[in-house]
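Residues in the sequence shown are numbered from 0 upward in steps of one, following numbering that gives the first Met the number 0. Ideal Cβ placement from N, Cα and C applies to all residues, glycine included. From a predicted model like this one, the values you see are computed outputs, not experimental measurements.
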Amino acid sequence: MKIEQIRKNILSKDLNISHLSKETGISRSNIYDIRNGVRDLDKLSLKTIKLLEHYFEMRKPVFKFELKDEVVALVVENDAINEPTETLTTYDDNVFLEEVAWSGELVIISVSNKGERVRRYAIRTSELLKHAKVLTRKTSKEEWHEASVKEMQDAGLYVPTI
């Protein structure tokens, strides 16, 4: 996570400073000083930056997809999107969003099945949404619910309007 993203997260009105302090061990006064510009993020210790980075990474929304139909995706190998395609089926039961690319119109997903290695694919968000139900969780528990359009847009997913 970049320093600018940490800065944006600290300035967010939704940030619960007491919770951040409790989870990271950073005092509330230090967090307020960072938020108010009294302490410069660029001058924080590496340990403090790592604590903040970990805190905000753990709060990013996690999306998984329940495939309803087959969908064709591009294969991703060694961080490169390759031309060969592969068909994902409803058998692919662990389909997770890995990252959003190219202005949110293309997503990289991880796919695995029981005892199988993780495979990576690239697919247009609009194509995936046609063939899958999108679930998200915001807690550390394994409680999933259907993702709202706002949750998907907040995560940078391109959600086409119909």
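Check: Limits of the beta strand (DSSP E) - the one that residue 108 falls within; Outcome: 105 to 111
Check: DSSP state of residue 150 mapped onto helix, strand, coil; Outcome: helix
Check: Three-state secondary structure assigned by DSSP to residue 84; Outcome: strand
Check: Beta strand (DSSP E) runs contained entirely in the region 34 to 69, provided each spans 3 or more residues; Outcome: 61 to 66
Check: Residue 15 in three-state terms, based on DSSP; Outcome: coil
Check: Alpha helix (DSSP H) segment containing residue 10, residue limits; Outcome: 2 to 10
Check: Beta-carbon proximity check, residue 157 vs residue 109, cutoff 8 Å; Outcome: no
Check: Cα-Cα separation between residue 142 and residue 94, rounded to whole angstroms; Outcome: 16 Å
Check: Per-residue burial, residue 37 [other beta carbons within 10 Å of its own, 16 or more giving buried]; Outcome: exposed
Check: Boundaries (first-last residue) of the alpha helix (DSSP H) holding residue 142; Outcome: Segment: none, residue 142 is in no alpha helix (DSSP H) and carries neither H nor E.
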